[in-house]
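Every letter in the sequence shown is one number past the one before it in UniProt numbering, and letter 9, counting from 1, is 9. Only one structure is covered here, and it is reproduced in the block below.
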Amino acid sequence: MKKKTKRKKGDTKKTSLELFKKGKSVSQIAHERELNENTVSGHLASFIPTGEVKITDLISERHYNELKDIIPKHQFENLSDLKNQIDDKFSYAEIRLVMDSLK
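The structure is reproduced here in structure tokens:
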């Protein structure tokens with residue numbers, strides 16, 4: 001019987017990055033890897049500080065700029081509290097990405 005080798009967390013992020021660099025969308029990667037889209041976005045977002053992924057590769061420049069202006073103007077306890085205060089056109093993933101970029 002073959003023992004399943006446990007992958008390191010860094011490996012799963014790199015796998016998502018490799019697929020993204022091959023031109024696959026977040027949705028396609030999530031489907032292919034049987035992961036949630038937010039998980040894949042999180043994987044890719046971890047490469048923003050290294051410059052391997054740009055935030056505008058993951059969300060539209062328009063949404064990024066709008067959220068960058070909106071978020072500092074609100075007081076909130078957590079992500080869902082902020083989400084309830086702003087326009088429904090923004091997804092949790094988009095809000096999380098911009099919040100992380102503002103830190």
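Beta carbons are placed, not taken as given, at the ideal position from N, Cα and C, and that holds for glycine. Note that the coordinates shown come from a computational prediction; the quantities given were computed from them, not determined experimentally.
Tell me the DSSP secondary structure of residue i in three-state form.
i	result
E42	Note on identity: in this sequence residue 42 is Gly, with Glu being the wrong assignment. Helix, per DSSP.
K83	helix
S71	With the sequence shown as reference, residue 71 is identified as Ile, and Ser is not the correct amino acid for it. In the structure shown, I71 sits in a helix (DSSP, three-state: H, G or I).
K13	helix
I59	coil
For residue i, count the other beta carbons within 10 Å of its own beta carbon; 16 or more makes it buried, fewer makes it exposed. Which is it?
i	result
E34	exposed
H63	buried
E18	exposed
S16	buried
H43	buried
L102	exposed
Ignore the nearest five residues each way along the sequence and tell me which others in residue i's own chain have a CB closer than 6 Å to its CB.
i	result
A93	N38 and S41
V26	E37, V40 and S41
Quick one: residues in its chain with C-beta nearer than 8 Å to the C-beta of residue i, no 5 flanking neighbours on either side, listed in chain order?
i	result
K68	V98, S101 and L102
F47	K13, L17 and V53
L79	Y92, I95, R96 and M99
inquiry  = Please give me, in chain order, every unbroken run of the alpha helix (DSSP H) with length at least 4 that falls completely inside the segment 15 to 41.
reply    = 26 to 33
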